[in-house]
Amino acid sequence: MVPEDAVDWYLQMKDKVPKLTVAGIAGPGDALANWATVSRTLSMIREVDKDVFFCLSTNGLYLPKYAKEIAALGVDYVTVTVNAITSNTGAHIYSFINDDGKKYVGEEAAALLLERQIEGLQLLGEYGVKVKINTVAISGVNIQEIPAIARRMALLGAKLQNILPMLPVEGTGFAHLAEPAAEEIMQLRNVCRQWMPQMQHCNRCRADAVGALTNPCVLEES
Numbered sequence: 001m002v003p004e005d006a007v008d009w010y011l012q013m014k015d016k017v018p019k020l021t022v023a024g025i026a027g028p029g030d031a032l033a034n035w036a037t038v039s040r041t042l043s044m045i046r047e048v049d050k051d052v053f054f055c056l057s058t059n060g061l062y063l064p065k066y067a068k069e070i071a072a073l074g075v076d077y078v079t080v081t082v083n084a085i086t087s088n089t090g091a092h093i094y095s096f097i098n099d100d101g102k103k104y105v106g107e108e109a110a111a112l113l114l115e116r117q118i119e120g121l122q123l124l125g126e127y128g129v130k131v132k133i134n135t136v137a138i139s140g141v142n143i144q145e146i147p148a149i150a151r152r153m154a155l156l157g158a159k160l161q162n163i164l165p166m167l168p169v170e171g172t173g174f175a176h177l178a179e180p181a182a183e184e185i186m187q188l189r190n191v192c193r194q195w196m197p198q199m200q201h202c203n204r205c206r207a208d209a210v211g212a213l214t215n216p217c218v219l220e221e222s
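Okay, so the sequence shown: first residue is 1 according to UniProt numbering, each after it adds one.
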């Protein structure tokens with residue numbers, strides 16, 4: 001979808017849901033991996049709706065590079081997915097990182113990602129952009145350090161955390177792992193709320209979902 005098509009789609013959805021106040025880019029892929037297109041899309045939407053709130057989702061790899069532009073575009077909220085606070089754990093989650101064409105693997109990759117996430121959060125805080133942390137709880141991999149993630153991200157200025165259970169998907173590296181129990185997720189949230197408010201109402205909406213949590217979403221295929 002090119003920016004012009006995205007704006008047309010936004011206006012169509014605005015007609016269907018007049019109370020629509022937020023436009024977010026959450027996939028497919030990372031919003032900052034295609035920043036030229038994303039930034040142009042946001043600029044064009046702002047031209048047709050000056051009151052809209054913008055939000056973006058990212059793994060944070062390119063946050064330091066684009067934080068200033070994100071703030072200048074008037075993005076109100078950025079969701080950063082942080083699944084590890086140590087390079088050892090991160091190396092079990094991320095098989096590799098492609099940083100502008102250079103490939104990193106193992107703990108080197110995980111350390112680079114964490115470094116960028118920390119720097120990015122610091123910059124967003126300086127620019128006044130609100131940050132939410134998404135953390136995927138993976139059984140036997142990162143659950144033990146999720147409280148440390150909450151503590152560190154809160155110190156960096158994050159305002160909210162959303163802890164999600166990992167859903168095993170056939171064909172992926174974690175397909176053999178069990179989904180964390182609801183009780184375990186609730187316990188994690190109760191521990192982590194001492195550092196940061198915890199999101200309780202995530203519906204795992206698709207990237208093209210439109211509407212409100214209390215009403216059925218309007219879905220359109222792009």
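Glycine included, each C-beta is placed from N, C-alpha and C at the ideal position.
Cut-off 8 Å between Cβ atoms - residues of its own chain near residue i, not counting five sequence neighbours on either side
i, result
"Lys159", "Lys130, Val131, Lys132, Met196 and Pro197"
"Gly157", "Leu121, Gln122, Leu124, Gly125 and Val131"
"Ile143", "Ala137, Pro180, Glu184 and Leu188"
"Asp10", "The sequence given here places Tyr at residue 10; Asp does not occur at that position. The answer, listed in chain order, is Ala23, Ile45, Val48 and Asp49."
Close Cβ partners of residue i (< 6 Å) along its chain, the five nearest in sequence each way excluded
i, result
"Glu119", "Pro64"
"Val38", "Ile25 and Ala31"
"Ala148", "Ile85"
Classification of residue i by the beta-carbon crowding that lies within 10 angstroms, buried from 16 upward
i, result
"Glu47", "exposed"
"Asn83", "buried"
"Gln186", "The displayed chain sequence assigns Met, not Gln, to residue 186. By the neighbour-count rule (16 or more Cβ atoms within 10 Å), Met186 is not buried but exposed."
"Gly90", "buried"
"Ala109", "buried"
"Gln200", "exposed"
"Glu220", "Note on Glu220: pLDDT 47, under 50, position unreliable in the model; no value is reported."
"Ala150", "buried"
"Pro194", "Looking at the sequence itself, residue 194 is Gln, so the reference to Pro does not match. Looking at its Cβ environment, which holds fewer than 16 other Cβ atoms inside 10 Å, Gln194 is exposed."
"Thr135", "buried"
"Glu4", "exposed"
Three-state class that DSSP yields for residue i in the structure shown
i, result
"Ile163", "strand"
"Gln187", "helix"
"Ile149", "helix"
"Ala111", "helix"
"Val48", "helix"
Residue(s) in a DSSP beta bridge with residue i
i, result
"Cys55", "Gly24 and Tyr77"
"Gln198", "Gln161"
"Val129", "In the DSSP output, where bridge partners are listed per residue, Val129 has none listed."
"Asn98", "Lys103"
"Thr135", "Ile163"
Proximity winner among the options, relative to residue i (alpha-carbon distances)
i, options, result
"Asp19", "Phe53, Tyr104 and Ser87", "For the record, residue 19 in the displayed sequence is Lys; it is not Asp. Cα-wise, what sits closest to Lys19 is Phe53."
"Ala33", "Glu69, Asn190 and Tyr62", "Tyr62"
"Asn190", "Gln161, Gly171 and Gly173", "Gln161"
"Leu114", "Asp76, Thr58, Gly74 and Arg193", "Thr58"
Spatial neighbours of residue i in its chain, beta-carbon cut-off 7 Å, leaving aside the 5 residues before and after
i, result
"Ala67", "Gly120, Leu123, Leu124 and Tyr127"
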